[in-house]
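Residue numbers (our numbering), protein chains in the order written: chain A, 353 to 638; chain B, 353 to 638; chain C, 353 to 638; chain D, 353 to 638.
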């Protein structure tokens, strides 16, 4: 089999039904595709079926044509689908404030070829990271945000995201809440990193809270942003052990390491089309 | 230096003062002791000094005499002390209900010589573990607990603890809350294992909550029991990664592994005189 | 769909071929089966296909009939198969010496309902664990092993395994090497726990070696036993951080915790038909 | 007590002797110092004493004077000492080749204020990272290394290290072996990151070896470089779980994450004067 055939990755979900695995596999075979990976999951309580399937397109039709055909097939069997051609690189925007650890981590991984995307835009409510962004050759847009100007600022942000054809926003320690209106209007995924285990310590200054409480573990949570602040579907959580020897400063430093690594993994899985969302939870096909 | 000298382990805490390390070390030297380990910590915010020091008694006086003398010395310099002779094995009681994973783990470690104590008594509100306990040769006392009989039951429990000279109680998945009156009357440490990260998911059915929320990590917390339920000083926390593939049953199973290992470590540190409590937090000299 | 249908779990492996996923899924559908889980993997270098598929038997034929039919189907498409009916509990023998941490861990998990098997026999070259085994109600057979009597002893062991219909042997810290002849004659899986990361520190006294070398991590490796000592396919590896504070005794103690948990996980995956072996490696469908 | 007093950090090691803790603490008290942290360790097999002690200089003499005085005191009691004034930032050189993950990680942590040093020089045997280095404002020196020119190249490197007053060299994935002559002539610490658990997989292409062997864990080891290649004292080891799903590429990627984090921690402990070396092992006072 030719190794240079394009690959399609499809995510399916919907009410479980008899023969669903067979239907999908037969469709791919009829279209002369060759399945490379397939992973199914079934939520026995919700009786929902999930599948991630990746196949090599080896028939006469193009990957684009097959993609459209598979979407139509998904509709015909009552399944929601997300279908992507492997190697196509969606445009991504980072939203940042002053903290730079997640910003550098994501850009350096992207430059190293580890994140299949194009980081096409950086939006910030501070000028702090402008020169670093420009050093990386990525457009940097400063949009001031105050309580009074918030809705106006969000309109500007949305306009920029639209102009650049952005398909994913990553809040890389962007210290502003995105409004439900913003999230609805954008209508595409937004990934956030929260400096704590969720659902614990959900409020402000989590490392100060953790230190005061004397916990022995700290965490970080990467999740999709939803209108209900910090309650969106959890993608990944990182954890580190701490002790009485650690000051609040040490916790913040360890927290930064957790945040950048946890966020980078979550973004990587999203870009590899490994994540399905349902019932405010995620299925991560790793 | 003789290797068979008795060792004393002292924990000190109190307001930091200049020269405190020197005073302690000089006292030990004057008493012909030889310091084997010493670990200091200073809470810079609270300006509190903590020390764990272990020394070999090599002078003419007995370990018991030196222990008393060190306590008096601690008082004279305004430090709270806990002083123990290494190898002396405090009597311990387990409180259990029906679940047996923590129960077996602790008894087997004790039998293997890993826990320097004597498990002298098991108290339960169920008969379930009687034959297992008796198989291990440990006295088992059944005391029924209902809402109506609780205070009477606790009085019986306290009487048993007193009769057996118990110096530490371990709640090894004992599914009843101990009242503030019980804890105050007992007046000695009680270690509990909580089936969750504290402070998250503090209520009932944590694994169901965790599953519903779609978290990617679960935890367990060993802590000293205090009047304020599940808010006592945290000793140790364990964590395990989970995914969408895990059912509630799987979480319960993984939770049991976390609980037993986390509790066993906490108990072991307590018995090795490694834990100091202050401000509802612990300093664990590991 | 009825929840009480029997489930079949099949593991397939063989040269990758176009349409293989479809063929398997179609066969199950034609037999009125309902796929509950399916997980495929493809080794791109070896071009080998692996699948674990679990389905509910909902047609008129019995699970036993379907099991045989699926094996024949596997042969017809050139795939090696292992097919089991979920809930059928294979008979397991533990081989032990004096150390008891793995022994208790496995038996207690089995008693708690966490290991789908029947622990039917314990074989030891020491009498040490007889009373513990009998306390658990499991037959205990002492067979002395010396250099001179080894082949005779192995013949006796094989005879016992045969009499009891044993389908899996677990070396739970059995301190003798099983000969290639034993392994070939038994012809069924043998799981071993090695007190180290393999391939490092493969020889004697690994914790002494680790301590001398000053490593900062220790490990344990569960693997299938093969004629080439300690070189069999690795199933699972556990790890723990250590420091200069830990004595050889501490490493041994931490090693015991790693060994018992790592072995228990490996055994559990084996019993849930999650492990495929090829090229001296394992595919673990977790 | 004034919070702005300079701090001195001293590491001591030598044959254990009675009263040593007391002598050190008394010396500091007599010099009007105030002990902030102190941690002792005793190797019971080698009967060697180790201490890290940090104190605030509150007497009339300068931190520099006290530093010299303490060194003399150490000599007088037969202890080897390393004494540093906290906040003094040693000059550090990175040696790099083409791989940039460790390079960026270290420089970004330094820029974020997390590494108390001055990265004063980058030496490489390739031009690849020149523009990145210059973008960070750090001098970059290209020195070609071939088999024929190696000794000449090392002479050039040594001359540069000398000119810049370098006190620590970090081999941040520098793909050349430093000769014993280089290490002896430089005479100051060199930290290396090895892309594997040591002592396993010590040779070439460790991730290919790991993949072929089917291991379930990979690691990285930060250690001091010594004449005996990759056998120097281990400072820190990181570990990550892997499965059959991971390709060699995935292992390399996960390995990079391990390498950069493991190296950064080791460097940070070195710079905080937390590491003592003896008998080719390290004592890390964390």
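Glycine is no exception: its CB is placed at the ideal position from the N, C-alpha and C atoms.
What are the boundary residues of the alpha helix (DSSP H) that residue 518 (chain D) is part of? In the fourth chain, counting from the first residue as 1, residue 518 (chain D) sits at position 166. No alpha helix (DSSP H) holds residue 518 (chain D); DSSP gives it neither H nor E.
Take residue 357 (chain B) and list the residues in its own chain whose beta-carbon comes closer than 7 angstroms to its own, dropping the five residues that flank it on each side. Mapped onto the second chain, residue 357 (chain B) falls at position 5. So the list reads 408, 409, 410, once near-sequence residues are dropped.
Mind pulling the chain C residues with CB within less than 7 angstroms of residue 585 (chain D)? Counting from one through the fourth chain, the residue named residue 585 (chain D) turns up at place 233. The answer, in chain order, is 566.
Please report the distance separating the alpha-carbon of residue 529 (chain C) from that of residue 594 (chain A). Along the third chain, read from residue 1 onward, the residue named residue 529 (chain C) stands at position 177. Along the first chain, read from residue 1 onward, the residue named residue 594 (chain A) stands at position 242. C-alpha separation (whole angstroms): 42 angstroms.
Going by the beta-carbon positions, is the gap between residue 395 (chain D) and residue 598 (chain C) smaller than 9 angstroms? Translated into positions along the fourth chain, residue 395 (chain D) becomes position 43. Translated into positions along the third chain, residue 598 (chain C) becomes position 246. Cβ atoms of residue 395 (chain D) and residue 598 (chain C): not closer than 9 angstroms.
Give me, in chain order, the residues of the same chain whose beta-carbon lies closer than 7 angstroms to that of residue 631 (chain D); leave out the 5 immediate sequence neighbours on both sides. Within the fourth chain, numbered from 1, the residue matching residue 631 (chain D) stands at position 279. Excluding positions up to five away in sequence, the list reads 398.
Going by DSSP in three states, residue 553 (chain C) sits in which element: helix, strand or coil? Counting from 1 along the third chain, the entry for residue 553 (chain C) is found at position 201. Reliability fails at residue 553 (chain C), whose pLDDT of 49 lies under 50, so the model's placement of it is uncertain and the value that follows must be treated cautiously. If DSSP states are grouped into helix, strand and coil, residue 553 (chain C) belongs with coil.
Around the C-beta of residue 515 (chain B), are 16 or more other C-beta atoms found within 10 angstroms, so that it is buried, or is it exposed? Position 163 of the second chain, counted from the start, is the residue given in the question as residue 515 (chain B). Exposed, because fewer than 16 other Cβ atoms sit within 10 Å of the Cβ of residue 515 (chain B).
Euclidean distance between Cα positions of residue 467 (chain A) and residue 601 (chain D): The residue given as residue 467 (chain A) occupies position 115 in the first chain. The residue given as residue 601 (chain D) occupies position 249 in the fourth chain. Residue 467 (chain A) and residue 601 (chain D): Cα-Cα distance of roughly 13 angstroms.
Does residue 551 (chain A) have its Cβ less than 9 angstroms from a Cβ in chain B? In the first chain, residue 551 (chain A) corresponds to position 199, counting from 1. Low confidence applies to residue 551 (chain A): its pLDDT is 47, below 50, so where it sits in the model is not reliable enough to give any reading.
Measure from the C-beta of residue 487 (chain C) to each C-beta in chain B and report whether the shortest distance is under 9 angstroms. On the third chain, position 135 is the one that residue 487 (chain C) refers to. With 9 angstroms as the cut-off, residue 487 (chain C) counts as an interface residue toward chain B.
Using a Cβ-Cβ cut-off of 9 angstroms, state whether residue 680 (chain D) counts as contacting chain C. Coverage of chain D is limited to positions 353 through 638, which leaves residue 680 (chain D) absent and any answer about it impossible.
With DSSP collapsed to three states, give me the class of residue 445 (chain B). Stepping through the second chain from its first residue, residue 445 (chain B) is reached at position 93. Strand, per DSSP.
Residues of the stretch 586-606 of chain A with a CB closer than 8 angstroms to any CB of chain D: list them in chain order, please. 597, 605
Give, in chain order, every residue of the stretch 499-520 of chain B whose Cβ lies closer than 9 angstroms to some Cβ of chain A. none
Could you check the C-alpha separation between residue 638 (chain B) and residue 490 (chain B) for me, to the nearest Å? For the purposes of this step, residue 638 (chain B) is taken as residue 286 along the second chain, with counting starting at 1. For the purposes of this step, residue 490 (chain B) is taken as residue 138 along the second chain, with counting starting at 1. In a straight line, the C-alpha of residue 638 (chain B) is about 30 angstroms away from that of residue 490 (chain B).
For a contact meaning CB atoms closer than 8 angstroms, what does residue 460 (chain C) contact in chain B? In the third chain, residue 460 (chain C) corresponds to position 108, counting from 1. Going along chain B in sequence order, the residues near residue 460 (chain C) (Cβ under 8 angstroms) are 452, 453, 456.
Determine the contact status of residue 533 (chain D) and residue 506 (chain D), defining contact as a CB-CB distance below 9 angstroms. Within the fourth chain, the letter at position 181 stands for residue 533 (chain D). Within the fourth chain, the letter at position 154 stands for residue 506 (chain D). For residue 533 (chain D) and residue 506 (chain D), yes; Cβs fall inside 9 angstroms.
Keeping to the same chain, check which residues put their C-beta closer than 6 angstroms to that of residue 478 (chain B); ignore five residues upstream and five downstream. Your numbering for residue 478 (chain B) matches position 126 in the second chain. So the qualifying residues of the chain are 449, 450.
Taking 9 angstroms as the CB-CB cut-off, is residue 468 (chain C) touching chain A? Against the third chain, residue 468 (chain C) aligns to sequence position 116. It does not; no Cβ of chain A falls within 9 angstroms.
Using DSSP with H/G/I as helix, E/B as strand and the rest coil, what is residue 398 (chain D)? Taking the fourth chain and counting its residues from 1, one reaches residue 398 (chain D) at position 46. Coil.
Bounding residues of the beta strand (DSSP E) (the contiguous stretch that carries residue 592 (chain D)): On the fourth chain, position 240 is the one that residue 592 (chain D) refers to. Start and end: 586-593.
Just to check my reading of the structure: residue 606 (chain A) and residue 570 (chain A) have Cβ atoms closer than 8 angstroms, yes? What is that Cβ distance to the nearest angstrom? Position 254 of the first chain, counted from the start, is the residue given in the question as residue 606 (chain A). Position 218 of the first chain, counted from the start, is the residue given in the question as residue 570 (chain A). Confirmed, about 6 angstroms.
In whole angstroms, what separates the C-alpha of residue 464 (chain D) from that of residue 452 (chain A)? In the fourth chain, the residue the question calls residue 464 (chain D) occupies position 112. In the first chain, the residue the question calls residue 452 (chain A) occupies position 100. Roughly 9 angstroms between the two C-alpha positions.
Cβ of residue 368 (chain D) less than 9 angstroms from any chain C Cβ? Locating residue 368 (chain D) in the fourth chain gives position 16, where the first residue counts as 1. Chain C contact via Cβ: absent.
For the stretch 371-394 of chain C, which residues have a beta carbon sitting closer than 9 angstroms to at least one beta carbon of chain D? 393
With 16 as the cutoff for other CB atoms within 10 Å, does residue 440 (chain C) come out buried or exposed? Stepping through the third chain from its first residue, residue 440 (chain C) is reached at position 88. Label assigned to residue 440 (chain C): exposed.
Against chain B, with Cβ distances strictly below 9 angstroms, would residue 396 (chain D) count as a contact? Numbered from 1 along the fourth chain, position 44 holds the residue referred to as residue 396 (chain D). Cβ-Cβ to chain B under 9 angstroms: yes for residue 396 (chain D).
Positions along the stretch 612-628 of chain B whose CB lies within less than 8 angstroms of some CB in chain C: 613
Could you give the distance in angstroms between the alpha-carbon of residue 431 (chain C) and the alpha-carbon of residue 517 (chain C)? Within the third chain, residue 431 (chain C) is the residue found at index 79, counting from 1. Within the third chain, residue 517 (chain C) is the residue found at index 165, counting from 1. Distance between the alpha carbons of residue 431 (chain C) and residue 517 (chain C): 27 angstroms.
Under 9 angstroms, Cβ to Cβ, is there at least one residue of chain C near residue 415 (chain B)? As a first step, residue 415 (chain B) is located in the second chain; it is residue number 63 there, counting from the start. Not closer than 9 angstroms to any Cβ of chain C, the Cβ of residue 415 (chain B) fails to qualify, so no.
Is the CB-CB distance between residue 470 (chain D) and residue 443 (chain D) below 9 angstroms? In the fourth chain, the residue the question calls residue 470 (chain D) occupies position 118. In the fourth chain, the residue the question calls residue 443 (chain D) occupies position 91. Cβ atoms of residue 470 (chain D) and residue 443 (chain D): closer than 9 angstroms.
Suppose you measure from the CA of residue 551 (chain B) to the CA of residue 359 (chain D); what does that come to, to the nearest Å? For this step, residue 551 (chain B) is matched to residue 199 along the second chain. For this step, residue 359 (chain D) is matched to residue 7 along the fourth chain. Note that residue 551 (chain B) scores 47 on pLDDT, short of 50, meaning its location in the model is unreliable; the coordinates nonetheless yield the value given after this. Approximately 37 angstroms, taken between the alpha carbons.
Using a beta-carbon distance below 9 angstroms, is residue 631 (chain A) in contact with chain B? Against the first chain, residue 631 (chain A) aligns to sequence position 279. Cβ-Cβ to chain B under 9 angstroms: yes for residue 631 (chain A).
Just the Cα atoms here: how many angstroms apart are residue 433 (chain D) and residue 573 (chain B)? By 1-based counting over the fourth chain, the position of residue 433 (chain D) is 81. By 1-based counting over the second chain, the position of residue 573 (chain B) is 221. Roughly 41 angstroms between the two C-alpha positions.
Under 9 angstroms, do residue 365 (chain C) and residue 403 (chain C) count as touching if we go by C-beta distance? The count along the third chain starts at 1 and reaches residue 365 (chain C) at position 13. The count along the third chain starts at 1 and reaches residue 403 (chain C) at position 51. Yes, the Cβ-Cβ distance between residue 365 (chain C) and residue 403 (chain C) is below 9 angstroms.
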